[in-house]
Each structure stands twice: as C-alpha cells, then as structure tokens.
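K.L.:
I have a structure here, written as structure tokens, and I will follow up with some questions on it.
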Amino acid sequence: MSSATFEKGMVFFLSILTLLVSSLLLIILATVFAKGLPALHSGFLIEASEDFGRAGGIFYQLMGTLILMTGAILISLPVALGSVIYQTQYLKSKTGKEICRQSGQVLNATPTILFGLVGYLFFGVYLETGVSWVTGSLILAVMILPTLQVSIREAIEALSDQYKETGMALGLSPWSQIKSIIVPQCYYGIITGVFLGLARAAGETAAIMFAATTFSGIRLPESFSDPVPTLQTHMLVLTQEAANPETLAQAWGAGLVLLSLVFFLTVMAWILRGRLKMEAEL
Amino acid sequence: MKNESHGVMLVFAGLNLIFLCCAGGLFFFLIFESYPILKLHGFDFWLGQDWWVGETYGALPMLYGSTLVTALACLLVLPLALAVAIFISEFLTSTSRRFVKAVLELLAGVPGIVYGLLGVSFLSLWIKDIFGLLDGNTLATAGCLLAIMILPTVLTLSEDAMRAVPAEYREIALGLGLSKWQMATGVVLPQALPGIMGAVLLGIGRAMGETIAVMLVVGSLDRIPDPWFNIFSSAQTIPSKLGREAAESIGEGTHWSALMALGLMLFIMVLLINFLGNRCLKGRSIS
Amino acid sequence: MFRVLLILWVAIGVIPFPASADHSPKIQIVGSTTVLPIASRAAERFEKFEKIEKFKSSHRLRILVNAGGSGVGIHSVARGRSDIGMASREISPSERKRFEGSHLKVHTVGVDAVACVISSEVYDAGIRDLTRQEIRDIYLGKIRNWSEVGGPDRKIVVVDKERHRGTRHVFMNFIFGNPTAKTPGTILVTGSNNEEQTKIAQSDSAIGMLSYAWVNDEVRAIGIRDKKNIVKPTRETIRKGDYPIVRNLSFITAGEPNGEVKAFLEYLKSPEGQQVVEESGYIPFT
Amino acid sequence: MSPAIQIKNLTVTYGSMKVIDDFSCEVKENSVTAIIGPSGCGKSTLLRSLCRMNDRIAEFHLAGQVLMKGENIYHPDVDVYELRRRVGMIFQKPCVFPKSIFENVLFGVKHRIDKKDYEPLVERVLTEVNLWKEVKDRLKNLATTLSVGQQQRLAIARTLAVGPEILLLDEPTSSLDPESAAAIESLIESLKTHHTILLVTHLHEQAEKVSDNLIFCNIIK
C-alpha cells in the first residue's frame with residue numbers, strides 16, 4: 004500500500020474521529036432534549052415541585068440557582084475588577100505580579116468540592132452565615148473570581164498602549180485614568196467575564212451541595228440565613244432515584260433547563276467577546 | 056489631589072489583598088484543619104487501607120481510586136485528542152475550525168451534574184450489559200465519563216499548542232516536498248509536544264477534581280479492588296468521598312479533620328499537576 | 282460607560298434582595314431519609330393546618346426539611362445547626378456521651394421495620410426467606426452466589442449503606458449485634474433510601490436493607506427464618522412485635538422544645554399527625 | 002529670569018544600554034527649540050524624560066539634573082501628575098479616543114473644571130489650532146472620523162486645553178501628508194508666543210524654518 008493511499012486513509016480516519024467528537028455535543032444535546040421534553044409541561048417553569056420532585060415544576064429551584072448566580076457575581080465583580088486594575092496599573096514589582104498570577108492559577112485549578120468544604124467552614128461556621136444562600140453566593144464568588152479576572156485582564160492588555168500614554172501625557176491621575184480610559188475601553192471584556200462567570204456558577208453543584216441548599220420546605224429565601232433549592236441539587240437528588248421513571252423525567256427536564264441556561268450565558272459571552280475584538284481594533 | 060489618588064490606590068490594593076487571601080486562605084485552612092488527624096495518625100493515614108469513621112481513617116483506597124480513574128480517563132483521551140487535534144489544526148479550513156472550536160467550548164461548559172445524569176441513565180447500564188457486570192457503578196464507568204468530560208479541554212489546548220507552532224516550520228516542510236501528513240506528524244507534532252503535554256496535564260487536573268459526575272457512578276466503596284487492577288469493581292475517589300461524607304461531620308471532630316486531610320492531598324496533587332501543565336504550555340521543557 | 286457598569290451591578294444586586302424582606306419564623310429539620318417523608322408531608326399539612334389558627338402562631342411558618350442520614354440529623358441538632366434532628370435509630374452511646382451538653386430529647390412519632398430486601402427477579406426465583414446466619418455470611422463475603430442459599434445461579438450484588446445511616450445501624454445490630462459492623466462482602470455502597478431502592482431495583486441479583494415502607498414490586502422484602510418459623514415483615518407482625526428488626530422513628534430536639542417546634546411536634550403526635558405517619562407507610566406510635 | 006528648561010549632564014540608561022550620555026542644554030522661555038538627529042539617537046527618550054513618561058519602565062535609570070524654572074523635576078516630592086499638566090506632550094502618531102470631538106478636547110480637564118466652562122474652552126483651543134471652522138458644526142460625531150492631520154491638531158488642542166507652559170512635540174508631522182505638516186508647522190510658530198516649545202524632528206528644513214535655536218544630537222558610541 005503506497006504511502007499516498009495510507010495518508011489519504013489516515014486523514015479520512017481522522018476526519019471521522021473529528022466528526023464523532025464534534026457530534027458528541029449534538030448527541031448530548033439531543034439526549035437531554037429528547038429526555039427532558041416530556042417533563043416540560045406548561046407549568047414546568049412556574050409551578051413548585053410536588054411529591055419530592057416527582058411532579059410539578061421547578062420554579063423555586065430555578066429561582067434558587069439564579070439567586071446564587073447573581074449573588075456570586077455581585078460579590079465577585081468588584082473584587083475581580085479591583086484586583087486586576089491594581090495588578091496592571093499600580094503593581095510594579097515583578098515578584099508581586101508573579102505571585103498574583105500564580106494565585107489566580109491556584110484558584111482556577113482548585114477542585115470545586117474544596118471550595119465547598121473550606122468555604123462552608125469559613126463562611127458558614129466561622130462567619131456564622133450557616134447553610135444559606137449567602138454562604139452559597141460567597142463560595143461561588145470565590146470560585147468564579149479567576150474566570151472574571153482572565154477576561155478583564157485580556158481586555159486591559161488588549162488596550163493599546165497609545166491610549167494609556169496619551170492619558171499619562173495629559174497628566175491624568177491614576178484614578179481618572181482608570182475611570183475614563185481603562186474601564187470604559189474594557190467595558191466589553193468585563194461584561195464577557197460576567198457572563199462566563201455566571202455560566203460557570205450556574206452549572207456548579209459540588210461547591211454548594213451542602214453549604215447552601217435544602218431539600219424541601221423552602222420557596223423563596225426570606226432572610227439572609229435561608230437556604231435555597233437549586234436546579235443542580237434538585238437534579239442530584241432525583242438522579243439517585245433513577246429507577247423511578249417520573250423522577251428521572253423530572254431530572255432530565257431540570258437538566259434541559261440548566262443546560263439551556265448555561266448555553267445561553269456562554270453564547271452571550273461570545274457575542275460580547277466578538278464586540279471586544281471589534282472594539283480593540285477601533 | 057495627592058491623598059485622593061492615594062486613597063483610591065488603597066481601595067484597589069485592598070481588593071487585590073482579598074483575592075490573594077482567597078487563594079492563600081484556602082491552602083491555610085486545609086492545612087490547619089487537617090493538622091489534628093495528621094498529628095494523630097501521621098503516615099499511616101495515607102497508607103491505611105480501611106476507612107471506618109470513628110475508628111481508623113485510611114486514605115489509600117480513595118487515593119488509589121482517584122489515581123486509577125484519572126489514569127483511565129487520560130488513557131482514553133490521549134490518543135483521541137491527539138488525532139483529532141492534528142486534524143483540526145492542519146486539515147480543517149479556518150471557518151470549520153472555528154465552528155469545531157466553538158462546539159468544544161460549549162462542551163467544556165456542560166455542568167458536571169448533567170454528565171452525572173447521562174452517566175447514571177446510560178453509561179453505567181451500557182457498561183453493565185457489555186461487560187456483564189453485577190453493577191454498572193464501577194471505576195471503568197467513572198473513567199469513561201471523565202474521559203468524555205475532559206476531552207473538550209484537552210482537545211482545545213492541544214490544538215492551540217499545534218497552532219502555536221510557527222508558520223515558517225510548515226513552509227520549510229512543504230518547501231522540502233513533504234506531504235501535509237508528513238508535515239503534520241513529522242514537524243508540527245514534535246514541535247507542539249510540550250504544549251500537548253501541558254494540555255493533557257491540565258486535563259488530568261480537571262479530571263482529578265471532578266466530584267458530582269464521579270460520585271454518582273463510581274459506586275463509592277471504600278476499598279481497593281481485590282485484584283488491584285480490576286477496573287470493573289466499585290471504588291471511591293477523593294472528591295466523591297468528600298461529597299458523600301462532608302455533610303455528616305461538618306465543622307469539627309477527627310472525622311472532619313480526616314476529610315480535610317483528604318482534601319489537602321487532592322489540593323496538592325492537582326496543584327502540582329497544574330503547575331507542571333502550565334510550564335509545559337509555556338514551551339519550557341519539564342527538565 | 283462607567284455609570285452603565287455601576288447600574289448593571291446594582292441591578293444584579295436587586296434580584297437576590299427580596300430575599301431579605303421579612304423574617305418569618307422557620308423550623309430547620311435535618312436527618313434520616315427514612316423519616317424525611319413524614320417530616321415533608323407533615324410540614325406541608327402543618328403549614329395549611331396551622332393557617333386555621335388551631336395552634337395560634339401568627340407568622341406564616343416555614344418548615345425546612347433536609348436529608349443527610351440519621352448521623353447528620355443527630356450531629357446538627359446537637360450542634361444547634363438545626364431545630365429538629367430526624368433519626369431512624371437510637372442515639373448511640375458515643376453520641377450521647379459526646380453531645381451530653383445539648384440534653385438531647387427524643388420524641389418518637391412512629392415505628393418502622395427494616396426489611397432485608399432483594400431484587401424481584403431473585404424473589405420470583407424462589408428466595409422467600411433467609412436465616413440471620415445466611416444474611417451475615419452474605420455480608421461477610423462467605424456466601425457469594427444465590428445458588429448457595431437455594432436461589433438462581435447468579436453472583437449476589439451485596440448493597441450496603443453509608444455507615445452513619447439509621448437503617449444500617451438497626452439492620453447491622455440485628456444481624457451482627459454491632460451497629461457499626463464491617464462488611465467485607467459489600468459490592469456497592471449507597472446513601473439515601475431512594476438510592477438504595479434504585480440500585481436494588483436496577484439489579485437482578487441484589488440484596489440490601491430498606492425501611493419496610495420503601496418496599497415495592499421491584500424491591501421485595503423477605504422473611505427472617507429462625508429454624509422452623511418464618512417471620513415476614515407485615516403491618517401485623519411489626520405492630521405485634523413478632524418481626525425482630527424494628528426501630529422507633531423519632532424527632533430529636535436539644536432540650537425542651539418550645540414555640541413553633543413544640544407546636545409542630547404536638548401536631549405530629551395528634552391524630553392528624555399520626556395519619557401522616559400511616560400514609561408514609563410506617564406504623565403510628567400512639 | 003532663569004531659562005524655562007535647564008538640562009545638566011543628563012545620562013539615561015535602559016538596563017545596560019546607555020541612551021543619552023552627559024547631555025546638557027538650556028531652553029529659553031516662549032521660544033521654539035528643535036532637536037535634530039538621526040532616528041535612534043535618544044531624541045524621543047530625552048523628550049519623554051522631560052515629562053517623566055519613562056518612570057514606569059522597569060530598567061529606566063536617569064542621572065544628572067533636569068530643571069524647570071529652577072526646580073528639579075525628579076525631586077521626590079514633585080507631584081508627577083502636576084508636572085505632566087505643566088508639560089504637554091504630543092506623540093508622533095496622533096491618538097484620539099473613540100469618543101466625540103467635543104469629549105476628546107475636554108478629556109484632560111473635564112473632571113477639573115465645571116460644566117459651564119466647557120463650551121468656551123473647546124472653542125478657544127480649537128480656534129487656536131485653527132480646527133474650529135472645520136469641525137464647529139460636527140463636534141458631536143466620533144473623532145476617529147477626522148483625517149490624520151485633523152486628528153493631530155485635535156491632539157494638540159486637547160493638550161492645550163490642560164493649559165501647559167511647555168510643549169514637547171515628538172516628530173509631530175512624520176505621519177502626516179505635506180499639506181497638513183505645513184499646517185502644523187505654522188501652528189507651532191503661532192503657539193510660541195505663549196508657550197515654550199521643544200520640537201524633536203529629523204527634518205532639517207522643518208527645524209530651520211520653525212525653531213529659534215537648534216540642538217544637534219549625535220549617536221553615542
């Protein structure tokens with residue numbers, strides 16, 4: 004078999020593999036969609052769940068996930084923005100920058116279950132926030148910090164030096180430089196980071212499993228110390244009853260809603276990242 | 056005007072400090088909380104074979120389970136990722152390349168619980184039937200599920216490593232009359248090898264840390280499988296153990312300290328792997 | 282541009298904010314998945330029941346129920362992390378010693394039996410009862426195939442529960458005389474009753490332990506044979522006390538309950554409450 | 002009356018590379034001084050050192066003295082931002098922000114003066130750089146729509162709005178077409194009545210035409 008046909012064969016074989024891998028997503032989507040659809044009756048998104056999740060809707064679970072997500076961004080955005088601005092504008096020492104970069108990588112690589120453990124211990128037990136949506140938001144905030152920082156840092160570094168030099172030449176103080184040059188110009192980078200952070204916080208289960216959620220009895224949290232039902236933990240409980248068809252259908256329905264939420268946020272981040280590139284070339 | 060900008064700098068410095076404390080605090084708490092058990096048991100905590108709450112705490116089964124599951128995932132992913140990465144970076148047009156990359160990024164974003172659901176409803180039943188096992192929740196199921204989960208990450212990073220190979224190398228190869236295939240395997244692949252190593256290591260780091268999907272399909276049996284290489288027996292990994300038992304012992308007691316020691320072990324392993332991975336990604340050889 | 286970012290940040294902040302409106306009272310209940318159905322159903326009924334002012338508490342009371350197992354229930358009520366702990370087993374001596382300071386008080390609301398359960402396929406193949414010794418050998422890994430106890434020729438899938446679970450305590454206490462017995466024969470460990478029920482239903486040669494109320498046509502309960510007489514777990518045998526593996530289902534409080542917690546516990550002991558226990562498949566206590 | 006700028010044996014090194022070696026000169030007030038020399042002889046570095054733009058660069062090291070109105074600008078308790086407002090700098094490639102012309106002009110001062118002074122200031126500086134007639138009715142649209150020559154004049158207007166005494170021009174016309182370059186040169190002559198101007202260029206006739214005195218800068222070996 005001459006080497007030419009061998010090569011053609013190999014390339015063909017690889018193309019099949021690539022097709023297989025990229026169709027993997029479609030297979031996952033199709034299964035979740037096909038399995039989840041029967042559960043999506045009219046009230047699925049607005050009714051409460053009944054009979055331990057075997058029937059009814061997932062309204063409060065969805066609200067719980069949204070509350071945790073937004074709480075996380077609320078806490079994480081200022082810290083991420085502030086720390087990246089400090090690292091790029093004020094921090095000069097090489098070792099200082101290296102330490103910050105390494106800590107960013109540490110936080111990004113840490114298994115999320117450890118955030119749950121140490122987060123619950125520190126926030127829940129030491130700071131007395133107990134099992135509540137506040138603890139959940141704080142844990143998720145720490146978890147998505149690196150995601151936000153990467154996007155913000157990308158946007159700031161993509162900013163051409165010319166703008167900064169011009170700002171400096173005009174004698175702008177660092178704060179006014181940040182306020183009128185850095186933040187406005189990196190606006191899309193920040194928003195992209197927010198959406199990526201939301202997507203990651205929405206899909207996270209291990210970190211909030213025992214720190215922020217409850218099985219039944221709660222609708223909307225009515226105080227800072229109330230836990231919240233979430234889509235993820237609802238799915239976790241239902242998945243453990245996979246033998247019971249109605250429960251499994253509910254789990255798939257919740258999975259479909261969670262997956263579409265995560266995909267929606269990711270696609271929004273892409274659209275904004277597109278604007279970011281366009282912005283940088285302006 | 057002078058003190059105003061100084062005050063502002065302090066605010067930003069403060070925010071940066073909070074960020075550093077998060078990273079540092081995590082490590083500190085893990086060490087601080089696992090100190091009691093390490094003092095009590097010392098080394099045989101890591102080597103102890105049986106984990107019986109209240110009596111003895113042996114971390115070996117979890118350690119072994121984690122390593123075996125990750126090794127299995129890595130074994131399945133490596134050839135597939137390498138082959139597909141070559142095809143994407145060398146043989147695909149740029150538009151379809153961008154489309155495949157987008158698909159991969161979406162795949163990487165799928166939450167772990169959805170993979171868990173897929174694993175429980177399909178994978179474990181298939182593996183049970185194919186291999187005629189007693190129960191579908193085994194190391195093999197967890198390994199396959201993890202392979203699917205880390206495939207997008209490893210694939211994207213390896214493909215980036217291959218794209219990072221300078222265009223001149225390709226021109227020289229083509230100039231010498233090599234075919235595209237010979238160029239890909241002869242020039243691009245060896246050049247991109249450190250990057251690919253980095254990609255695989257980062258993939259391993261993520262596989263090690265996955266909790267939910269593994270917890271649902273690994274069978275959570277705190278024992279090393281009787282013939283040690285038997286991947287078709289239930290076992291336990293560190294994150295799965297933490298996920299199952301953390302609620303019971305939260306906050307105090309030797310049980311909690313033992314769990315935190317497990318967490319510390321996982322933390323150090325993942326950090327080491329990640330550190331090596333990032334060094335490779337930067338193209339510096341590991342030596 | 283900066284203002285827009287600020288407005289977005291504040292807008293995001295508004296979503297979780299309604300969460301901190303009024304502080305209506307709530308009861309936190311954590312613990313055994315066996316007792317959980319009673320607590321959840323009673324909670325729903327009690328909130329409606331309590332609305333017709335029978336127990337005269339003004340605010341809309343919310344009762345939060347969480348799973349985790351008897352061990353978690355006892356630990357969290359003793360540590361004050363929840364108002365009521367659910368347990369389907371007695372408080373162990375080590376727990377009593379450890380949580381002396383919290384003066385744990387046990388309120389029993391029902392009785393339940395732990396059945397030795399097997400997959401329906403094995404049940405249909407003729408296994409109707411086992412001796413205590415046989416079950417012990419299965420969990421010790423001495424018996425590995427159903428054919429050794431007169432069943433089909435299939436390896437036994439020995440399913441065990443997490444160590445701190447109440448159902449396991451009671452079952453192992455009966456089989457081994459030691460609630461935290463080690464079981465080398467185990468093939469698979471599950472957590473909640475629902476997970477165990479699922480595993481046994483999915484398998485065709487499994488053996489496990491499950492509260493009597495969770496038995497269904499996929500997961501069948503078998504009798505305990507003692508030489509000649511066989512005791513099958515039914516309502517009568519449990520009520521009369523013939524069935525050996527029984528336990529109280531109890532709600533545990535740290536010290537004397539008061540206010541809403543007292544009202545809820547009284548409701549559980551009231552006829553309506555016992556009706557909920559009956560509906561959940563357990564035997565009322567009174 | 003001490004000269005506007007006094008440089009005494011200035012030596013500037015980047016890490017190991019010596020860029021300026023023992024350079025001294027004086028610049029009289031309200032005059033145009035041109036520094037001529039081939040590219041790479043440290044002209045731009047000299048200019049940037051006069052308004053301390055190089056402070057942020059890690060291996061930058063400066064010896065010698067730079068005095069403005071007798072005051073050493075590298076003295077520790079000199080407020081760098083105050084200094085940069087007194088010394089305006091124009092870059093080779095005009096840089097305008099992706100904002101309206103109006104906002105661009107006010108960029109350096111908008112948080113330091115109140116609203117009612119915006120209109121008159123914009124008109125004054127734009128007429129000073131004789132750009133007012135061309136843009137007065139389209140102040141609101143994006144500055145990036147202007148031609149390169151207009152952008153450079155807008156940049157100068159923006160710097161003038163801050164009210165500097167000294168103007169440093171780093172080859173202001175090298176990226177412009179001849180016609181707008183001539184406009185900039187005539188602008189420099191009109192500006193020298195109220196400002197001290199230091200021009201860096203490699204075009205000899207531009208230097209002779211515009212400047213009062215010349216400084217030759219040679220390549221250090």
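Residue numbers (our numbering), protein chains in the order written: chain A, 4 to 285; chain B, 56 to 342; chain C, 282 to 567; chain D, 2 to 222. The beta carbon of each residue, even a glycine, is placed where N, CA and C say it ideally should be.
1. I'd like to know if Ile259(B) contacts chain A, where contact means its C-beta is closer than 8 Å to some C-beta of that chain.
2. Would you tell me roughly how many angstroms separate the C-alpha atoms of Leu17(A) and Tyr166(A), rounded to the nearest one?
3. Considering only residues of the same chain and omitting the five flanking positions on each side of Phe217(D), which have a CB-CB separation below 7 Å?
4. For my contact list, Ile116(A) and Leu297(B) are in at a C-beta cut-off of 8 Å; report their separation, rounded to the angstrom.
5. Given Val395(C), which residues of its chain have a CB within under 8 Å of its CB, disregarding the five upstream and five downstream residues?
6. Comparing C-alpha positions only, which one of Val24(A), Thr21(A), Ala42(A) and Leu29(A) sits nearest to Pro248(A)?
7. Let me check understanding here. Comparing Cα to Cα, which of Pro179(D), Leu168(D), Phe61(D) and Leu177(D) lies closest to His196(D)?
8. Got a sec? Which residues, its chain only, sit under 6 Å from Cys343(B) by beta carbon, not counting five neighbours each side?
9. Met90(D) by DSSP, collapsed to three states: which one?
10. Could you name the residues of the same chain whose beta carbon sits closer than 6 Å to that of Pro116(B), not counting the 5 residues immediately before and after it, in chain order?
11. Kindly indicate which residue of Thr518(C), Val542(C), Lys442(C) and Ser486(C) has the alpha-carbon position closest to the one of Arg501(C).
12. Quick one: does Gly127(A) have its CB under 8 Å from some CB of chain D?
13. Nearest to Thr194(D) by alpha carbon, out of Glu166(D), Leu127(D) and Pro179(D)?
14. Between His356(C) and chain B, is there a C-beta pair that is closer than 8 Å?
15. Is the distance from the Cβ of Gly264(B) to the Cβ of Pro114(A) below 8 Å?
16. Starting from Lys442(C) and walking both ways along the beta strand (DSSP E), at which residues does that stretch end?
17. Taking all protein chains shown into account, decide if Ser400(C) is buried (16 or more other Cβ within 10 angstroms of its Cβ) or exposed.
18. Anything in chain E within Cβ reach of Phe92(D), meaning under 9 Å, just list it in chain order.
19. Is the Cβ-Cβ distance between Ile286(B) and Met320(B) less than 8 Å?
20. Note down, in chain order, every chain A residue with its Cβ under 9 Å from the Cβ of Cys42(D).
21. Under the rule that 16 or more other beta-carbon atoms within 10 Å means buried, what is Gly277(A), buried or exposed?
22. Check the Cβ of Arg86(D) against every Cβ in chain A and list those closer than 7 Å, keeping chain order.
23. For Val392(C) and Tyr524(C), what's the separation of their Cα atoms in angstroms?
24. Identify each residue in the segment 81–103 of chain B for which the Cβ-Cβ distance to at least one residue of chain A is less than 8 Å, and report them in chain order.
25. Return the chain-ordered list of same chain residues with a C-beta closer than 7 Å to the C-beta of Ala320(C), the five sequence neighbours on each side being excluded.
26. Could you compute how far the alpha carbon of Arg468(C) sits from the alpha carbon of Thr236(A)?
27. Return the CA-CA distance between Thr21(A) and Gln188(A), expressed in angstroms with no decimal places.
28. Among Ser106(A), Ser25(A), Ile61(A) and Gly56(A), which residue has its Cα nearest to the Cα of Leu223(A)?
29. With a threshold of 7 Å (Cβ to nearest heavy atom), would Leu276(B) be considered close to the ligand GDP?
30. Report the residues of the segment 199–223 of chain A with a CB closer than 7 Å to any CB of chain C, ordered along the chain.
31. Would a C-beta distance cut-off of 8 Å place Ser369(C) and Ser351(C) closer than the cut-off?
32. If the cut is a Cβ gap below 9 Å, which residues of chain C does Trp107(B) touch?
33. Taking the alpha carbon of Lys156(B) as the point to measure from, which residue in Ala302(B), Pro245(B), Ala114(B) and Glu214(B) has its own alpha carbon closest?
34. Counting only beta-carbon separations shorter than 8 Å, does Phe103(D) have a partner in chain A?
35. For Gly164(D), which option in Gln153(D), Ser176(D) and Val88(D) has the closest C-alpha, if you only look at C-alpha atoms?
36. Run the CB neighbour count on Phe15(A), radius 10 Å, all protein chains shown included, and call it buried at 16 or more, exposed below.
P.N.:
Working from what's here:
1. Stepping through the second sequence from its first residue, residue 259(B) is reached at position 204. Closer than 8 Å: no.
2. Mapped onto the first sequence, residue 17(A) falls at position 14. Mapped onto the first sequence, residue 166(A) falls at position 163. The alpha-carbon atoms of Leu17(A) and Tyr166(A) are separated by roughly 46 Å.
3. On the fourth sequence, position 216 is the one that residue 217(D) refers to. Contacts found: Ile37 and Gly38.
4. As a first step, residue 116(A) must be located in the first sequence, where it is residue number 113. As a first step, residue 297(B) must be located in the second sequence, where it is residue number 242. Correct: roughly 5 Å between the Cβ atoms.
5. Indexing the third sequence from 1 puts residue 395(C) at position 114. The residues are Thr448, Val451, Phe452, Phe455, Met490, Leu491, Ser492, Tyr493, Ile526, Val527 and Arg528.
6. The residue labelled residue 248(A) in the question sits at position 245 within the first sequence. The shortest CA-to-CA distance from Pro248(A) to any of Val24(A), Thr21(A), Ala42(A) and Leu29(A) is the one to Ala42(A).
7. Translated into positions along the fourth sequence, residue 196(D) becomes position 195. For the residues Pro179(D), Leu168(D), Phe61(D) and Leu177(D), the minimum Cα distance to His196(D) belongs to Leu168(D).
8. With chain B represented from 56 up to 342, any question about residue 343(B) goes unanswered, as that position is not in the structure.
9. Working through the fourth sequence from its first residue, we reach residue 90(D) at position 89. Strand, per DSSP.
10. Within the second sequence, residue 116(B) is the residue found at index 61, counting from 1. Asp277, Arg278, Ile279 and Gln291.
11. Against the third sequence, residue 501(C) aligns to sequence position 220. It is Ser486(C).
12. Along the first sequence, one-based indexing puts residue 127(A) at 124. No, because no Cβ of chain D sits closer than 8 Å to the Cβ of Gly127(A).
13. Start at 1 with the first residue of the fourth sequence, and residue 194(D) comes out as number 193. Among Glu166(D), Leu127(D) and Pro179(D), the Cα nearest to that of Thr194(D) is on Glu166(D).
14. Locating residue 356(C) in the third sequence gives position 75, counting from the first residue. Yes, its Cβ sits closer than 8 Å to a Cβ of chain B.
15. Taking the second sequence and counting its residues from 1, one reaches residue 264(B) at position 209. Taking the first sequence and counting its residues from 1, one reaches residue 114(A) at position 111. Going by C-beta atoms, Gly264(B) is nearer than 8 Å to Pro114(A).
16. Stepping through the third sequence from its first residue, residue 442(C) is reached at position 161. Annotation for Lys442(C): the continuous beta strand (DSSP E) segment containing it runs Val438 to Lys442.
17. Along the third sequence, one-based indexing puts residue 400(C) at 119. Per the 10 Å Cβ criterion, buried.
18. Among the protein chains in the structure shown, which are A, B, C and D, there is no chain E.
19. The sequence position of residue 286(B) within the second sequence is 231, counting from 1. The sequence position of residue 320(B) within the second sequence is 265, counting from 1. Against a cut-off of 8 Å, the Cβ pair of Met320(B) and Ile286(B) comes out as no contact.
20. The sequence position of residue 42(D) within the fourth sequence is 41, counting from 1. The contacting residues do not exist; Cys42(D) stays about 21 Å from chain A at best.
21. One-based indexing of the first sequence puts residue 277(A) at position 274. With fewer than 16 other CB atoms across the displayed protein chains lying within 10 angstroms of its CB, Gly277(A) is exposed.
22. The sequence position of residue 86(D) within the fourth sequence is 85, counting from 1. Those are Gly174, listed as they occur along chain A.
23. Taking the third sequence and counting its residues from 1, one reaches residue 392(C) at position 111. Taking the third sequence and counting its residues from 1, one reaches residue 524(C) at position 243. If you take the alpha carbons of Val392(C) and Tyr524(C), they lie about 12 Å apart.
24. The segment 81–103 of chain B vs chain A, Cβ under 8 Å: Leu81, Phe82, Phe84, Leu85 and Glu88.
25. Residue mapping note: residue 320(C) aligns to position 39 of the third sequence, counting from 1. The residues are Ile310, Val346 and Met367.
26. For the purposes of this step, residue 468(C) is taken as the residue at position 187 of the third sequence. For the purposes of this step, residue 236(A) is taken as the residue at position 233 of the first sequence. As written in the sequence, residue 468(C) is Ile, which differs from the Arg given in the question. Near 26 Å, if we compare the C-alpha coordinates of Thr236(A) and Ile468(C).
27. Stepping through the first sequence from its first residue, residue 21(A) is reached at position 18. Stepping through the first sequence from its first residue, residue 188(A) is reached at position 185. Going by the C-alpha atoms only, they are around 38 Å apart.
28. Locating residue 223(A) in the first sequence gives position 220, where the first residue counts as 1. It is Ile61(A).
29. Among the components of this structure there are no ligands whatsoever, and the ligand GDP is therefore not found.
30. Thr217, Phe218, Ser219, Gly220, Ile221 and Leu223
31. Position 88 of the third sequence holds residue 369(C). Position 70 of the third sequence holds residue 351(C). Contact: yes.
32. On the second sequence, position 52 is the one that residue 107(B) refers to. Per Cβ cutoff of 9 Å: Arg444, Thr461 and Lys463.
33. Translated into positions along the second sequence, residue 156(B) becomes position 101. Among Ala302(B), Pro245(B), Ala114(B) and Glu214(B), the Cα nearest to that of Lys156(B) is on Glu214(B).
34. Locating residue 103(D) in the fourth sequence gives position 102, where the first residue counts as 1. By this cut-off, Phe103(D) is not an interface position.
35. By 1-based counting over the fourth sequence, the position of residue 164(D) is 163. Put simply, of Gln153(D), Ser176(D) and Val88(D) the residue whose alpha carbon is nearest the alpha carbon of Gly164(D) is Val88(D).
36. Translated into positions along the first sequence, residue 15(A) becomes position 12. Burial call: exposed.
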